């Protein structure tokens with residue numbers, strides 16, 4: 013009997029032409045960084061910056077925006093962030109990221125899922141699937157922060173059985189989604205060996221990509237230590253930028269009927285790619301990047317607004333209006349260009365939602 017006919021009954025049997033197609037590799041969720049439908053491990057010591065890195069990546073994907081000038085493939089699907097603790101901290105970090113990048117919350121397809129969950133229990137995984145189904149969410153990227161918190165009480169990281177049960181449920185979660193989804197686990201380093209992820213070797217062996225986070229001056233360095241489907245590439249350096257997320261509340265004194273303003277001071281950090289130290293380096297980096305027609309239009313608009321306002325701030329809406337009127341660029345594309353300009357220091361996004369010329373606005377042509 014022909015193999016193709018046998019395969020209808022035994023799909024595990026793969027003729028040569030099926031194997032050849034499989035060998036072509038999966039598409040990239042993030043070009044040359046993270047495969048679509050992959051299992052990814054990001055690990056580092058306590059306080060190394062790993063949560064800021066994965067959150068920055070997740071939010072870029074949620075905006076359908078290129079990440080580190082790499083093309084992304086989300087097709088309008090969500091990023092889901094499963095966190096085991098600290099809902100207030102996650103909310104503050106997302107708010108700081110949006111303020112820094114000049115992004116409105118309604119521009120991103122991002123949702124948090126409050127844990128902890130037990131990823132070794134099928135019922136908990138079905139609960140995640142049910143919540144996404146009810147919300148009509150089809151994720152492209154799920155972050156689990158951290159693995160230890162969301163693997164259930166009694167999880168033994170050094171047990172092949174416990175790790176195997178966890179991996180089986182992660183694959184089950186992926187199999188039940190309507191489109192390929194990359195799951196990224198945030199994990200810690202071992203106490204004895206700070207260079208490797210904690211626990212049984214079965215965990216890293218099952219991963220498609222692994223990223224190591226090491227603290228550096230004012231930020232951290234990301235190194236790809238495993239890339240099943242491609243080259244590991246160069247290290248990526250990030251700074252942690254403090255962003256003011258303070259809020260002002262209006263209080264009413266019921267005895268005097270007098271209103272007063274109370275400011276709640278708050279600050280969070282945002283991971284941003286490390287900017288070059290000099291204007292010459294900036295020109296070199298920009299020259300090596302893909303300057304699309306939209307980005308070129310954004311540079312022209314930024315310089316026009318700089319000439320108009322000098323060092324003063326201006327409304328975000330004015331940038332978008334000039335992009336639409338002068339270049340025919342729609343709002344979503346203009347928002348992505350604006351974030352790219354902020355990331356490269358051409359524009360600065362202020363806490364009050366305005367923009368102003370950045371330190372590198374005159375360093376590019």
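Numbering (this note's numbering), first residue to last: 13 to 377.
No residue lacks a Cβ here, since even glycine has one placed at the ideal position from N, Cα and C.
For clarity, every value in this text was computed on a predicted model and none was experimentally measured.
Enclosing beta strand (DSSP E) for residue i [first to last residue]
i, result
"residue 107", "Run containing residue 107: none in the beta strand (DSSP E); it sits in the alpha helix (DSSP H), 99–113."
"residue 275", "270–276"
"residue 342", "Premise fails: residue 342 is in no beta strand (DSSP E) and is neither H nor E."
"residue 3", "With the chain covering 13 to 377 only, the question about residue 3 has no answer from this structure."
"residue 168", "No beta strand (DSSP E) holds residue 168; DSSP gives it neither H nor E."
"residue 249", "248–256"
"residue 151", "151–157"
"residue 279", "279–285"
"residue 236", "231–239"
"residue 368", "366–369"
"residue 124", "122–126"
Closest residue to residue i among the options (Cα-Cα distance)
i, options, result
"residue 352", "28, 43, 115 and 174", "115"
"residue 72", "40, 113, 102 and 63", "113"
"residue 226", "368, 329, 148 and 251", "251"
"residue 305", "271, 346, 270 and 321", "346"
"residue 242", "221, 315, 169 and 232", "221"
"residue 223", "231, 209 and 214", "209"
"residue 149", "91, 270 and 354", "91"
"residue 303", "356, 64 and 213", "356"
"residue 348", "160, 331, 39 and 128", "331"
"residue 3", "179, 193 and 159", "In the structure as shown, the chain begins at 13 and stops at 377. Residue 3 is therefore absent and cannot be evaluated."
"residue 179", "132, 142, 152 and 107", "132"
"residue 125", "103, 176 and 215", "103"
"residue 170", "216, 311, 122 and 231", "216"
"residue 80", "286, 176 and 311", "286"
"residue 369", "282, 108, 320 and 268", "320"
"residue 94", "153, 278, 350 and 277", "153"
"residue 101", "307, 24, 278 and 176", "278"
"residue 65", "128, 134 and 232", "232"
"residue 128", "164, 228, 29 and 329", "164"
"residue 60", "336, 267 and 206", "206"
Own chain residues within Cβ distance below 7 Å of residue i, not counting five before or after
i, result
"residue 275", "258 and 260"
"residue 78", "84"
"residue 361", "111, 112, 113, 114, 354 and 367"
"residue 48", "38, 39, 40, 41, 85, 192 and 194"
"residue 327", "366"
"residue 364", "none"
"residue 230", "251 and 252"
"residue 296", "Residue confidence is low: residue 296 scores 47 on pLDDT, short of 50, so the model does not pin down where it sits. No coordinate-derived value is stated."
"residue 176", "214"
"residue 43", "82 and 83"
6 Å Cβ shell around residue i - same chain, five flanking residues per side excluded
i, result
"residue 167", "174"
"residue 248", "234"
"residue 334", "313"
"residue 240", "220"
"residue 443", "No information on residue 443 is available, as it lies outside the stretch 13 to 377 that the chain covers here."
"residue 293", "Below a pLDDT of 50, predicted positions are generally treated as unreliable, and residue 293, at 46, falls in that range; the measurement from the model is reported next regardless. Excluding residues within five positions, none has a Cβ falling inside 6 Å."
"residue 76", "86"
"residue 200", "210"
Whether residue i touches residue j by CB criterion (7 Å)
i, j, result
"residue 82", "residue 45", "yes"
"residue 162", "residue 245", "no"
"residue 325", "residue 366", "yes"
"residue 138", "residue 130", "no"
"residue 237", "residue 196", "no"
"residue 120", "residue 74", "yes"
"residue 270", "residue 262", "no"
"residue 63", "residue 157", "yes"
"residue 38", "residue 67", "no"
"residue 284", "residue 309", "no"
"residue 316", "residue 282", "no"
"residue 358", "residue 339", "no"
"residue 214", "residue 160", "no"
Start and end residues, alpha helix (DSSP H) containing residue i
i, result
"residue 187", "172–187"
"residue 65", "62–74"
"residue 311", "305–321"
"residue 136", "134–146"
Sequence-distant residues of the same chain with beta carbon closer than 8 Å to residue i, five excluded per side
i, result
"residue 202", "208, 209, 210 and 211"
"residue 52", "46, 194, 195, 196, 197, 219, 220, 221, 222 and 223"
"residue 151", "89, 90, 91, 92, 144, 189 and 193"
"residue 290", "Bear in mind that the predicted position of residue 290 carries a pLDDT of just 44, short of 50, making it unreliable; the figure below should be weighed with that in mind. For residue 290, where only same-chain residues beyond five positions count, there are no Cβ hits under 8 Å."
"residue 107", "257 and 280"
Residue i: CB within 6 Å of a non-hydrogen atom of the ligand HEM
i, result
"residue 179", "Annotation note on the ligand HEM: not contained in the displayed structure, which lists no ligands."
Quiz prompt | Cβ contact check for the stretch 178–191 and the stretch 56–69: 3 or more pairs under 8 Å | solution = no
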